[in-house]
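Asks:
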Amino acid sequence: MKAFLTGSSRGIGKAICDLLLVNGFEVIGTSTSTVNQSNNSKFRHIVCDLSNQQELKRIKQEFSEKAIPEVLINNAGMFREADFDISDEEWLETWDITQQVNLRSSALLCKWAINAWKEQGIEGRIINISSRAGQRGDTQEYAAYSASKAGMIGLTKSISRSFGKAGITAYTIAPGFVDTDMARESIEVYGEEYLTQGLALDSIAPTGEIANLVLLLAEGKLAHATGQTFHINSGSYLP
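136 is the number of the first residue of the sequence shown in the numbering used here; add one for each residue after it.
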């Protein structure tokens, strides 16, 4: 089985990539990094900046081949600050690039994958990595991020309702703070309490827990949960 994974070079994406490879998947991974992250013969890396429309279009051919991926995992994302008191131009620039990377590129990849799967009769699976912020909101300076992640949830639900009869399933995973380089940088700036306050557990989630759920979904073991949002946030948000 082959999976297409965006944002594969670090954090949650790397954990997903490594676990899929260990479990026999072929993985096509994209990132902005020029360093090939794995020597595994079943891994192929594509350098791609999802904010660049021309680079994104090059990926379309991956869903035009005979041996196309059966699993699409939209994991890549950006988290850029935009206070409400900055200029309109700066504010909209952040909104535009955030929506492009987090939502528009994911939607386009879903479109390409679904059309290819329908044409070839493949019962494909889509796994969108959203965020706790897409459900409960975030602080005002990260409203663009929150809105983009909420959009991913709506995208997943629409896909699941529209293409389930064709055997295509779609899921959202909404992590809270996860033990990544980005989280550790936040701890250095704001202190550990900033990340752990309000948790039901005494620590933030390891990347491996998100990867474990992705593997379960990618293997097709939860088909009847299509359209659902899975929350992994240490009990900080309970919908």
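Just so it is clear, CB atoms sit at the ideal spot from N, CA and C, and this is done for glycine as well.
Computed from a predicted structure; not experimentally measured.
Ignoring anything shorter than 3 residues or poking outside the segment 249-322, list the beta strand (DSSP E) runs there in chain order.
Replies: 260-264 and 304-310
Asks: Could you pull the start and end residues of the beta strand (DSSP E) that Leu140 belongs to?
Replies: Lys137 to Thr141
Asks: Between the beta-carbon of Ala340 and the beta-carbon of Ser369, is there less than 8 Å?
Replies: yes
Asks: Return the first residue and the last residue of the alpha helix (DSSP H) that Gly326 is part of.
Replies: Run containing Gly326: none; DSSP gives neither H nor E here.
Asks: Just verifying my parser: in three-state terms, what is the DSSP assignment at Asn209?
Replies: strand
Asks: Given that a residue counts as buried once 16 or more other Cβ atoms are within 10 Å of its Cβ, and exposed if not, what is Gly180?
Replies: The amino acid at residue 180 is misidentified as Gly; the sequence shows His. Counting Cβ neighbours within 10 Å, His180 comes out buried, since at least 16 surround it.
Asks: Could you tell me whether the segment 298-315 touches the segment 256-269, where touching means 3 or more Cβ pairs closer than 8 Å?
Replies: yes
Asks: Since Thr304 and Thr361 should fall inside the 8 Å C-beta cutoff, what is the C-beta to C-beta distance between them, to a whole number of angstroms?
Replies: 4 Å
Asks: Under the three-state reduction of DSSP, which class applies to Glu161: helix, strand or coil?
Replies: strand
Asks: Identify which residue in Leu207, Gln255 and Ala251 has its Cα closest to the Cα of Ser240.
Replies: Leu207
Asks: Since Trp345 is in the alpha helix (DSSP H), which residue starts that stretch and which ends it?
Replies: One detail in the question is off: residue 345 reads as Ile in this sequence, not Trp. Element bounds for Ile345: Thr342 to Ala353.
Asks: With 16 as the cutoff for other CB atoms within 10 Å, does Gln196 come out buried or exposed?
Replies: exposed
Asks: Mapping DSSP to helix, strand and coil, what is Phe198?
Replies: Phe198 falls in the helix class under three-state DSSP.
Asks: Here's the rule I'm using: 16 or more other beta-carbon atoms within 10 Å means buried, otherwise exposed. How should Lys356 be labelled?
Replies: exposed
Asks: How is Ile367 classed by DSSP in three states: helix, strand or coil?
Replies: strand
Asks: Residues in its own chain within less than 6 Å of Val182 by CB, not counting five upstream and five downstream?
Replies: Correct list, in chain order: Thr169.
Asks: Going by beta carbon distance, what residues of the same chain come within less than 6 Å of Glu219, once the five residues before and after it are set aside?
Replies: A quick correction: the sequence has Phe, not Glu, at residue 219. Closer than 6 Å at Cβ, skipping near neighbours: Gln275.
Asks: Do the segment 289-299 and the segment 241-250 meet, that is, are 3 or more Cβ pairs less than 8 Å apart?
Replies: yes
Asks: State yes or no: is the C-beta of Ala217 within less than 8 Å of the C-beta of Thr229?
Replies: Yes, Cβ-Cβ distance for Ala217 and Thr229 is below 8 Å.
Asks: Who pairs with Ile221 in a beta bridge, going by DSSP?
Replies: Paired residue(s): none; Ile221 is not in a bridge.
Asks: Tell me His180's beta-bridge partners as DSSP assigns them.
Replies: Gly164
Asks: Under a three-way DSSP split, which group does Asp231 fall into?
Replies: helix
Asks: To the nearest angstrom, how far is it from the Cα of Met317 to the Cα of Glu354?
Replies: 29 Å
Asks: In its own chain, which residues sit with a C-beta less than 8 Å from the C-beta of Leu156, not counting the 5 before and 5 after it?
Replies: Val162, Ser173, Asn175, Lys177 and Phe178
Asks: Thinking Gln140 and Gly164 are a contact (beta carbons under 8 Å), I'd like their distance in whole angstroms, please.
Replies: The question names Gln, but residue 140 in the sequence shown is Leu. That belief holds up - the Cβ atoms of Leu140 and Gly164 are roughly 5 Å apart, short of 8 Å.
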